[in-house]
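**Student:** The structure is given below, and queries will be raised subsequently.
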Amino acid sequence: MEKTSSGTNDVVTEALDKYSDMVRRICFMYLKNEADVEDIFQNVFLKLLQYQKPFENDTHEKAWLCRVTINECKDFHKSFFRKNTCSIDNLEIPIEDKSEEGVLREVLSLPQKYRNVIYLFYFEDYSVPEIATILGRNQNTIHTHLRRAKAILKNKLRGFDDGNYF
Numbered sequence: 088m089e090k091t092s093s094g095t096n097d098v099v100t101e102a103l104d105k106y107s108d109m110v111r112r113i114c115f116m117y118l119k120n121e122a123d124v125e126d127i128f129q130n131v132f133l134k135l136l137q138y139q140k141p142f143e144n145d146t147h148e149k150a151w152l153c154r155v156t157i158n159e160c161k162d163f164h165k166s167f168f169r170k171n172t173c174s175i176d177n178l179e180i181p182i183e184d185k186s187e188e189g190v191l192r193e194v195l196s197l198p199q200k201y202r203n204v205i206y207l208f209y210f211e212d213y214s215v216p217e218i219a220t221i222l223g224r225n226q227n228t229i230h231t232h233l234r235r236a237k238a239i240l241k242n243k244l245r246g247f248d249d250g251n252y253f
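For the sequence shown, the numbering used here gives the first residue as 88, with consecutive numbering after it.
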């Protein structure tokens, strides 16, 4: 996808249409606070607006947005503001299908390294090699994290309807 000075706004508008839900979900996985999600969401698309290199294809653009979103969320967690504020324990997870709310809560309760791979694998349909590239990890590490996360979720989700989510 080639960017020109006149086409930059079109590129960002198109990316907003295609990837805004994904960016919000990744942000919410990390931040669990709607106001913080909105701040990071804006930062991610501002970075896209400032990004000068053309993307090879839509997959490259999507992976770039995932990586930038994850990095922005991690940077936010390290910020002075974040370290010196209290979070609200009553989370309201924005989800359309309420039957999956319990599953999403359990995924969000996973340790970060497992939460990332589960989200990218099941919610964004990335393959293990793609996840390894996005997260900068070895493929075997991603396989291990997926296996461990599925085992944890299987134990936690035994009480749900059919228990065959993973």
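Ideal Cβ positions, reconstructed from N, Cα and C, are used throughout, including at glycine.
Distance check for LEU133 and LEU233, CA to CA, integer angstroms please.
**Tutor:** When rounded, the distance between both Cα atoms is 32 Å.
**Student:** Out of TYR106, GLU125, LEU195, state which residue places its alpha-carbon closest to the alpha-carbon of LEU152.
**Tutor:** Measuring from the Cα of LEU152, the nearest candidate turns out to be TYR106.
**Student:** Where VAL204 and GLU159 are concerned, what is the direct C-alpha to C-alpha distance, given to the nearest angstrom?
**Tutor:** VAL204 and GLU159: Cα-Cα distance of roughly 17 Å.
**Student:** Under the rule that 16 or more other beta-carbon atoms within 10 Å means buried, what is LEU103, buried or exposed?
**Tutor:** Answer is exposed; the Cβ neighbour count stays below 16.
**Student:** Evaluate ASP123 with the Cβ neighbour count: other Cβ atoms within 10 Å of its Cβ, from every protein chain shown; 16 or more gives buried, anything less gives exposed.
**Tutor:** Buried, by the Cβ-count rule.
**Student:** Ends of the alpha helix (DSSP H) at TYR201?
**Tutor:** Here the alpha helix (DSSP H) through TYR201 covers 199-205.
**Student:** Look at the alpha carbon of LYS161 and the alpha carbon of ARG245, and state the distance between them as a whole number of angstroms.
**Tutor:** Distance between the alpha carbons of LYS161 and ARG245 is about 32 Å.
**Student:** Roughly how many angstroms lie between the CA atoms of LYS140 and VAL131, to the nearest whole one?
**Tutor:** Approximately 16 Å between the Cα atoms of the pair.
**Student:** With DSSP run on the structure shown, which of helix, strand or coil describes TYR213?
**Tutor:** Looking at TYR213 - three-state DSSP - the assignment turns out to be coil, as it is neither helix nor strand.
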